[in-house]
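Same order as they appear, the protein sequences are chains A and B.
Per this note's numbering, the very first residue in the first sequence carries number 182; after that it's consecutive.
Per this note's numbering, the very first residue in the second sequence carries number 13; after that it's consecutive.
Shown next, in structure tokens, is the structure this report addresses.
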Amino acid sequence: MGKVSPRPFNAFLEEHRSPVLAFLRAMVGPVDADDCFQETFMSALRSYETLDGGNPRAWVMTIARNKAIDHHRATGRRPVPKGDELPDVPAPRAPEPDSGLWSEVAALPDRQREALGLRFAADLRYREIAHAMNTTEEAARQSVHEGLKNLRRRIEREGG
Amino acid sequence: MSETEDIERLLRADLRRGGGSEALARRFAEYAAGSGEADVAFATVDTPVGTTSVATTERGIVSVGLPNHPLDDFVERLASEISPRVVEAPGRLDQARRELEEYFSGERKRFDLALDWAIVPGGFYRKVLEATARLDYGEVMTYGEVAMSAGNPRAHRAAGTALGANPLPIVVPCHRVVRSGGRDPGNYGGGRELKQWLLDLESADLDLDKI
């Protein structure tokens with residue numbers, strides 16, 4: 182007693198569960214996101230004291246990003262084909278109200294996909310994205326920008 | 013970046029429909045508690061006098077909340093006095109929840125739960141609570157008597173302080189320690205009315221047993 186204690190883990194879990202799952206779904210797809218979610222919070226629990234006053238959202242997203250990368254390495258494949266080439270078979274569409282944009286995000290180059298996930302799924306600031314991606318704020322901003330432009334190009338080509 | 017505003021909006025909107033993280037978080041919490049990766053698990057229990065809470069470590073029940081005590085305070089205390097690795101895992105507390113429910117409905121007279129005395133202070137405080145733990149259902153003792161059982165008959169005030177700091181109320185039945193003489197049962201963390209309610213619950217049951 183007497184020392185400043187970190188927040189109870191259950192409050193941390195409650196606060197970050199939604200954005201972490203959204204981010205992981207964007208990175209590895211809805212099925213594998215469940216496993217990555219468990220792994221992310223297990224790592225967070227084990228190393229909880231290393232958070233130590235830091236930014237909890239950026240910290241947990243850094244872990245989630247690493248789990249997504251590990252997952253891609255372990256499965257040896259990406260959720261969708263690389264680069265600009267479109268799949269022969271249209272990607273399965275989510276139920277009606279979903280625009281299906283995130284399955285397009287999954288086809289973007291790694292840095293752009295991660296940057297978009299951290300920006301729009303995890304809702305991080307550029308400074309936090311830079312931290313999670315181990316890069317500069319300017320490079321993070323650039324990746325988001327490029328990702329959005331790429332995404333627009335893909336939609337327009339598909340729609341036209 | 014206005015040219016991509018519509019895309020940004022769609023990206024955010026799609027995720028709001030996702031949902032499902034609550035069930036995953038619950039599954040995580042139960043696993044973390046069951047595997048011992050989390051140091052403390054807690055759950056809430058509904059009683060006739062309000063919602064209460066109960067927490068366990070690997071060794072046993074470490075803390076019981078009083079009905080209507082704020083849950084946030086209960087969890088903060090677990091985090092600061094035991095470990096911040098606290099999760100809400102009702103499955104891990106099945107037996108404790110069931111026994112508390114049975115107690116509050118008058119069906120249970122003794123708890124069969126392993127206890128963890130980790131946040132009970134040592135010395136005289138601990139002796140007071142150990143003496144209190146030996147009190148049977150419906151049996152009462154005065155502050156002076158419990159001080160005597162703890163080895164210091166003159167320390168009835170300190171006995172009161174020790175009981176006030178009891179992290180395991182109900183299970184270590186500090187409500188069974190009352191003021192001598194008079195109708196006032198004495199102080200209680202959950203309020204005098206609650207203390208009287210618990211004493212009435214236990215005496216009503218005893219009366220029924222005599223019939």
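Ideal Cβ positions, reconstructed from N, Cα and C, are used throughout, including at glycine.
Taking each of A/Thr243, A/Ile250, A/Pro187 in turn and checking the Cα distance to A/Met208, the smallest one comes out for A/Ile250. Distance between A/Leu297 and B/Gly48, taken at the CA atoms: about 36 Å. Only buried fits B/Asp51, as 16 or more other CB atoms lie within 10 angstroms of its CB. At a beta-carbon threshold of 8 Å, the residues of chain A lying near B/Leu36 are Arg198, Leu202, Asp215, Phe218, Gln219, ordered along the chain.
Partner residues in a beta bridge of A/Ala207, as assigned by DSSP, do not exist. Nearest CB-CB separation between A/Trp283 and chain B: below the 8 Å threshold. Taking C-alpha positions only, B/Gly150 is separated from B/Arg188 by approximately 7 Å.
Non-local beta-carbon contacts of B/Arg169 in its own chain, meaning distances under 8 Å to residues more than five positions away in sequence, involve Tyr155 in chain order.
Note that the C-beta distance between B/Phe136 and B/Ala177 is not below 8 Å.
Listed by position along chain B, the residues whose Cβ is nearer than 8 Å to that of A/Arg188 are Ala91, Pro96. As computed with DSSP, B/Glu17 is found in no beta bridge at all.
Between B/Asp26 and A/Leu282, the beta carbon gap of about 6 Å places them in contact (Cβ cut-off 8 Å). A/Ala288 and A/Arg206 have their C-alpha atoms roughly 13 Å apart.
Judged by their CB atoms, B/Ser33 and A/Ser199 are nearer to each other than the 8 Å cut-off.
Runs of the alpha helix (DSSP H) spanning 4 or more residues and lying entirely within the segment 290 to 319 of chain A occur at 291 to 297, 307 to 313, in chain order. By the Cβ neighbour-count rule, B/Pro197 is buried, with 16 or more other Cβ atoms within 10 Å of its own.
Counted as a single uninterrupted DSSP element, the alpha helix (DSSP H) harbouring B/Ala37 occupies residues 33 to 46. Along the segment 295 to 308 of chain A, going in chain order, the ones with a CB nearer than 9 Å to a CB of chain B are Leu297, Arg300, Phe301, Ala302, Asp304.
Of all residues in the segment 311 to 333 of chain A, the ones placed with a Cβ closer than 8 Å to any Cβ belonging to chain B are His326, Leu329, Lys330, Leu332, Arg333, in chain order.
Judged by DSSP secondary structure, B/Val52 falls within the beta strand (DSSP E) whose first and last residues are 52 to 59. Listed by position along chain B, the residues whose Cβ is nearer than 7 Å to that of A/Met208 form an empty set, because the closest Cβ is around 12 Å away. Separation of A/Lys248 and B/Val184 (C-alpha to C-alpha, rounded to the nearest whole angstrom) is 45 Å. In this structure the segment 84 to 95 of chain B lies against the segment 50 to 66 of chain B, because at least three pairs of beta carbons, one per stretch, are closer than 8 Å.
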